[in-house]
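Heads up, the thing below is written out as structure tokens.
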Amino acid sequence: EAFRDIMQGVDGRVIVATFASNIARIQQVFDAAADFDRKVTVIGRSMEQNTRIAVDLGYLKYDSDQLVAKDRLRDIPDDKLVIATTGAQGEPMAGLARMANRDHRFVEIQPGDTVIVSASPIPGNEESVGRTIDNLFKVGANVYYHTIKRAHVSGHASQEELKLMLALTRPKSFIPIHGEFRMLVQHGRLAAEVGVSPENIFIIENGQSIEFLPDGSARRGQRVEAGYVFVDGLSVGEVGDIVLRDRRALANDGMFLVVITVDKQTGNLVGRPEIVTRGFVADLEPRMLEGAIDRIARSIENPGDHISEITLLKAQIKDGLSQYLYERTKRRPMVFPVVVEV
1384 EAFRDIMQGV DGRVIVATFA SNIARIQQVF DAAADFDRKV TVIGRSMEQN
1434 TRIAVDLGYL KYDSDQLVAK DRLRDIPDDK LVIATTGAQG EPMAGLARMA
1484 NRDHRFVEIQ PGDTVIVSAS PIPGNEESVG RTIDNLFKVG ANVYYHTIKR
1534 AHVSGHASQE ELKLMLALTR PKSFIPIHGE FRMLVQHGRL AAEVGVSPEN
1584 IFIIENGQSI EFLPDGSARR GQRVEAGYVF VDGLSVGEVG DIVLRDRRAL
1634 ANDGMFLVVI TVDKQTGNLV GRPEIVTRGF VADLEPRMLE GAIDRIARSI
1684 ENPGDHISEI TLLKAQIKDG LSQYLYERTK RRPMVFPVVV EV
């Protein structure tokens, strides 16, 4: 009914974004469009594929001339067209977001278009959904979303539906999945209400294994390492904590590279240090530059040509510069001293 209420007062195109897997919702789009003599175009690889499969299996029904190929959009008057697309969760590469960014091959949002976001944001997607809706408003679309017009009903089962499934399958062991921990607990309680033994209901988190024994019983097994796996170029899961720490430091405050030349015999500074910064400041102020050079000079105290002494010298320069730069800027760039002996 929400689709019909909206379409009834619309003269331009209607664009409906929903889940590609929600065949019932796509059927509602076709039905509402038919009531107002509108053609329907389906856009989005997953939705196009699901629509074809649903038609072949008989789950999706519409008149043969109602579906229009996306490359024929320009042949249909705006007041006779409904576009069903993906991207109701603000996915950046999905149809709706690309339309909002005017980056879609077939559809460019124009003033007078009406967009229906037929989904509530999944927790964690609020920002991306909000950004997509804002972009739609910026290009002149009228947008109906979950807080403006109720054009979405959750596809998740209700408690009674969950009970029905448990009663039909009559599981000996039950492991609820998919949802926040509190939801898993409530689902487990429903299983107990319909006769599953509490000893055979397992509320588990990522990494907890379950062992199924030959007699059909189940028990908790050992925990295994589970979590996010960092993909870095061609390496998978091989990036260490130190590398990540350094990258965060570089991203936050940049780097400060100083190259100094010292006399191999006396240990004295030869010439002026060369300073290069990236992501710290565009140009060092003359007073800050002179102060940094002075701090470097004070760090050079003990002459020596052994590796251990050079290592100590680098540490002294790094500590002195880090302290000086923080005093002047309240920032902590990564300091890289390079010592050249001549």
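Heads up: the sequence shown begins at 1384 in the numbering used here, then just goes up one per residue.
Backbone N, C-alpha and C fix where the C-beta goes; we use that ideal spot for every residue, glycine too.
Delimiting residues of the beta strand (DSSP E) encompassing residue i
| i | result |
| --- | --- |
| F1595 | 1591-1595 |
| T1401 | Where T1401 is concerned, there is no enclosing beta strand (DSSP E), given that its DSSP letter is neither H nor E. |
| E1544 | Unbroken run through E1544 is the alpha helix (DSSP H), 1542-1552; no beta strand (DSSP E). |
| E1724 | 1717-1724 |
| Y1527 | 1525-1527 |
| V1500 | 1497-1500 |
Per-residue burial, residue i [other beta carbons within 10 Å of its own, 16 or more giving buried]
| i | result |
| --- | --- |
| T1401 | buried |
| D1439 | exposed |
| Y1709 | exposed |
| R1678 | buried |
| Y1527 | buried |
| V1568 | exposed |
| T1515 | buried |
| Q1472 | buried |
| D1688 | Interpretation of D1688 is limited by its pLDDT of 46, a score under 50 that renders its predicted location unreliable; the figure taken from the coordinates is listed afterwards. D1688 is exposed by the Cβ-count criterion. |
| I1690 | Note on I1690: pLDDT 47, under 50, position unreliable in the model; the coordinate value appears next. Label assigned to I1690: exposed. |
| T1497 | buried |
| P1475 | exposed |
| E1384 | exposed |
| L1617 | exposed |
| R1565 | exposed |
| T1649 | exposed |
| A1480 | buried |
| R1396 | buried |
| A1574 | buried |
Which listed residue (the options) has its alpha carbon closest to that of residue i
| i | options | result |
| --- | --- | --- |
| I1406 | A1467, R1572, D1462, F1419 | A1467 |
| S1429 | V1412, G1470, G1562, Y1442 | G1470 |
| T1660 | V1642, Q1569, I1584, A1477 | V1642 |
| H1561 | K1555, H1570, V1664, R1553 | H1570 |
| I1683 | M1671, Q1699, L1519 | Q1699 |
| Q1391 | S1501, D1454, V1465 | V1465 |
| D1394 | P1494, T1434, E1431 | P1494 |
| V1500 | G1623, G1478, F1489, V1723 | G1478 |
| H1529 | E1544, V1512, N1518, Q1542 | V1512 |
| V1399 | A1437, M1482, I1459, G1441 | M1482 |
| P1506 | R1681, H1487, E1563, R1670 | E1563 |
| L1704 | Y1445, P1656, E1692 | P1656 |
| E1491 | L1519, V1718, E1621, R1630 | L1519 |
| D1446 | D1462, A1415, L1456, R1455 | A1415 |
| K1521 | R1485, N1651, K1463 | R1485 |
| R1606 | I1658, V1622, G1599, E1594 | E1594 |
| R1711 | Q1410, E1673, F1489 | E1673 |
| I1459 | R1681, D1517, F1489 | F1489 |
Residue interval of the alpha helix (DSSP H) (run including residue i)
| i | result |
| --- | --- |
| P1669 | 1669-1682 |
| N1518 | 1509-1521 |
| I1625 | 1624-1636 |
| G1571 | 1564-1576 |
| L1443 | Taken as a continuous stretch (DSSP letters only), L1443 belongs to no alpha helix (DSSP H), as it is neither H nor E. |
| L1464 | It is not in any alpha helix (DSSP H) - L1464 instead sits in the beta strand (DSSP E) that spans 1464-1468. |
| M1482 | 1478-1483 |
Secondary structure of residue i, DSSP reduced to three states
| i | result |
| --- | --- |
| D1394 | coil |
| S1600 | coil |
| K1422 | strand |
| S1705 | helix |
| T1649 | coil |
| K1388 | The displayed chain sequence assigns Asp, not Lys, to residue 1388. Reduced to three states, the DSSP call for D1388 is helix. |
| D1615 | strand |
| F1413 | helix |
| P1656 | strand |
| V1438 | helix |
| Q1699 | helix |
| H1689 | Low confidence applies to H1689: its pLDDT is 47, below 50, so where it sits in the model is not reliable enough to give any reading. |
| Q1432 | helix |
| R1714 | coil |
| R1488 | coil |
Distance cut-off 6 angstroms: residue i Cβ against heavy atoms of the ligand PLP
| i | result |
| --- | --- |
| V1577 | The model depicted lacks the ligand PLP and carries no ligand whatsoever. |
Quick check: the region 1446-1466 against the region 1416-1430, are there 3 or more CB pairs under 8 angstroms? yes
Determine contact between the region 1579-1591 and the region 1613-1625, defined as no fewer than three beta-carbon pairs at a distance below 8 angstroms. no
Could you check whether the region 1546-1560 touches the region 1575-1585, counting it as contact only if at least three pairs of C-beta atoms, one from each stretch, sit closer than 8 angstroms? yes
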